[in-house]
Amino acid sequence: MYQKADYKDFATLKRNIQISQGAVQADTVIKNVSYLDVFTGVFRIGDVALHGEHIVGIQESYAGKHEVDGTNLFLTPGFIDSHVHIESSLMTPGRYEQFVLPKGTTTAIWDPHEIANVKGSKGIQWAIEATEDLLMDILIMIPSCVPSTNDSLGLETSGSELLAEDLLPFAEHPRVLGLAELMNYPALLAGDTDILSKLLIYKNKKRDGHCPNLSGRQLNAYGVAGIHSCHESTSLEEAAEKMSKGIHVIIREGSCAKNADVLLPLLNSYTSAILALCSDDRNPLDIEEEGHINFIIEKALSAGIKAEHIFRSASFGSAKMFGLDDRGAIAPGYLADLCLVKQKEKNSWNQGFEIINVFKKGSLSSSQQQEKKENTSYSPFPGKNINMGAVSSSSFKIGTKNHKKVKVRAIAVIPGQILTNQHIGSIDCSAGEVQSDVLQDLLKIAVVERHHNTGNCGIGFVKGFQLKEGAIVSSINHDSHNIIVVGASDQIMAEAVNKLREIDGGILVWRNSSEWECLPLPIGGLMTNINPSEIAASMMKLKKLTKKLGCSLHEPFLQLSFLALPVIPSLKITDKGLVDVESLSIIPPIV
């Protein structure tokens, strides 16, 4: 499907053969550039000729209609984001392209399971259609677990449920690479009929994994099921075992889950062909301030990893992992997806690099892309995003039997990880109720169901946000995307949730009725079509107010949203209550 030199017609093939022999001028020639040879692992100096969508010649001297002086510059294959939820960028695919293509990301592999959890099959269909005519290639992996856990367990309420039969219509779409992260590995290991049926529907395509801390015989079983990759490793030992058992490791550096520093030591001349990089969930402010896949590459370079290895992994390794044999290399017949870069420090990669130009299928993508005139109020889905009634302070009440002090189970946040621990703390009670204790950083957290107006509200405690006042509330709540709120008091939480309900979805930081910030997300309560720079500016205001309220987390919003994912150990919360992930059961917040 994605083969090297996949020409559309006889004339194009014949013309490119002539150009490669120097008989006809190429469209573009990058002269005297140091280009990465991913096959032998060295930079070579020579010309690189581009015509149409393809590379037609390297190393030899070529003439072009347009020539670029590559002296003292380096040419690498375009970067590939091997696993991303574009919804977490808060942008539509068109806006996402506008933001990340100038940063060198020429291909992204999208698992649209966020919008699928909210809108079901219609969400997947929209994802395919919205990425159809972009310059950047956004390829699709079909969500495997909507919701993330078996509905029979009753652990959460999602906007939709997708069974094997619902995924069948997408299996043969030419831009669908396979089945996305199979996070419900307990169901796979138990031989669940629906999960196994999904694997068999996509047996001739790629099947992504999602198995934090899985090892031993269970990991063997996961591999036997045909799982080819996993981006959830958080230690060298875990990643090494997966690699040794034929499960490709994808090194992730998102806004919340940051694993690059730990896993980059795996990268060497041997492994760079079988390791890939991904952003998974990365917010627009981090993309603007730090970068995208280029940020992971710069981390590796600053750690002393050879440029040949990390650039190879960011392109060739990712391409081979997903069967994209038409890209990931600078060689004749490959797609002209290229990054022209300059070392920030001459003769050294340690200080990173500056992107000079990005070519996508031979077309030049300027870092100063023309502003896209798009409808900023656009939403492809009719109806409201928030389908629920107003809440009150009593909605978040936790009562006791006249105890003066109680022990509570709290979700213990691990900054920079989506894994959590369990913390047992003691809180003084008043009038038979347990309130947030800001002095101990034991705050109430709640998930309110927003899709079907069930009235469900799961309540618990969390440690790690350090709010002294106010509340943070969001309609982004992985993966079922209900409303999640953390706050200093029941009343403040109710005020914040009701304001978000009024806005019909988004991210909101609430101090009081005269001081609050919000980013509305009209597309499913997950995305907006406003300009990326406006999103980043809004995120900056939201972060500034969270710090004023006492929160010290670098990424409070994604950190909060992942506290509702009941397939990531060890303690999470959904609209049904506090979830012990190990036993997959609802447990009370009071010990």
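In the working numbering, each number is its position in the sequence shown, counted from 1, plus 495. Each residue gets a CB set at the ideal place from its N, CA and C atoms; glycine is no exception.
**Q.** Pairwise C-alpha distance: I1063 and I742
**A.** 19 Å
Q.
Taking only three categories from DSSP, how would you classify L770?
A. coil
Q: From the DSSP output, in three-state form, read off S862 for me.
A: Unreliable positioning characterises S862 in this predicted model, as indicated by a pLDDT of 43, which lies under 50. The coordinate reading is nonetheless provided below. S862: coil per DSSP, three-state reduction.
(Q) Are the CB atoms of T626 and I449 within a distance shorter than 8 Å? (A) Nothing about residue 449 can be reported from this structure: the residues present for the chain run from 496 to 1086 only.
Q: Determine the DSSP secondary structure at G559, reduced to helix, strand or coil.
A: strand
Q.
Looking at L650: is its Cβ nearer than 8 Å to the Cβ of T1069?
A. yes
Q. When DSSP labels each residue in this structure, what does L938 get in the three-state scheme?
A. strand
Q. Looking only at DSSP bridge pairs, what is L830 linked to?
A. H549
Q) Since A544 sits in a beta bridge, which residues does DSSP pair it with? A) V524 and G552
Q | I978 - partner residues in DSSP beta bridges | A | V943
Q) Considering only the beta carbon of each residue, do S750 and L1053 sit closer than 8 Å? A) yes
**Q.** Selection from D564, G786, G828 and E793 that minimises the alpha carbon distance to Y497
**A.** G828
Q: Could you have a look at Q917 and say whether DSSP puts it in helix, strand or coil?
A: strand
Q: Report back the beta-carbon spacing between L1073 and E609 to the nearest angstrom; my notes put them in contact at under 8 Å.
A: So it is not a contact: roughly 23 Å between Cβ atoms.
Q: Excluding the 5 residues preceding and the 5 following Y557 in the sequence, name in chain order all residues of the same chain whose CB lies nearer than 6 Å to its CB.
A: A521, V524, D542 and A544
(Q) I'd like to know whether the C-beta atoms of S515 and V551 end up nearer to each other than 8 Å. (A) yes
Q.
Between the alpha carbons of G718 and K1042, how many angstroms are there, rounded?
A. 44 Å
Q | Completely contained alpha helix (DSSP H) runs for the segment 735-790, where each covers 4 or more residues | A | 755-758 and 779-784
Q) Between which two residues does the beta strand (DSSP E) containing M636 stretch? A) D632 to I637
Q. What's the C-alpha gap between S862 and D775?
A. Its pLDDT being 43, under 50, S862 is placed unreliably by the model, and the measurement read from it follows with that caveat. So the alpha carbons of these two residues sit roughly 23 Å apart.
**Q.** Nearest-angstrom Cα separation, counted from K1071 out to L648
**A.** 11 Å
Q) When you compare each of G721, L714 and L691 to K701 by their alpha carbons, which one comes out closest? A) G721
Q. Where in the segment 967-1042 do unbroken runs of the alpha helix (DSSP H), each at least 4 residues long, occur, reported from the N-terminal end onward?
A. 985-998
Q: Under 6 Å Cβ to Cβ from S653, same chain only, skipping five residues before and after it: list those, please.
A: N612, P642 and S975
Q) Expressed to the nearest angstrom, what Euclidean distance is found between the alpha-carbon atoms of K698 and V744? A) 20 Å
Q: Apply the 10 Å Cβ neighbour rule to I540 and answer buried if 16 or more other Cβ atoms are within range, or exposed otherwise.
A: exposed
**Q.** Per-residue DSSP class, three states only, for A814
**A.** helix
Q: Take H578 as the anchor and find which of K1036, T602, F538 and A989 has the nearest alpha-carbon.
A: T602
**Q.** First and last residue of the uninterrupted beta strand (DSSP E) at E849
**A.** S843 to K855
Q: Under the assumption that D821 contacts K509 (Cβ atoms under 8 Å), give the Cβ distance between them as a whole number of angstroms.
A: D821 to K509, Cβ: 19 Å. No contact.
Q.
Quick check on this structure: which residue in T571, L570 and G547 has the alpha carbon closest to the alpha carbon of K560?
A. G547
Q: Starting from S692, trace the alpha helix (DSSP H) both ways and give me its first and last residue.
A: T688 to I696
Q: Determine the burial state of P910: buried for a count of at least 16 other Cβ atoms within 10 Å of its Cβ, exposed for fewer.
A: exposed
Q | C-alpha distance - E667 paired with C640, whole-angstrom precision | A | 19 Å
Q. DSSP on P572, reduced to helix/strand/coil?
A. strand
Q: Compare the Cα-Cα distances from I1082 to each of I1002, A905, S970 and E990 and report the closest residue.
A: A905
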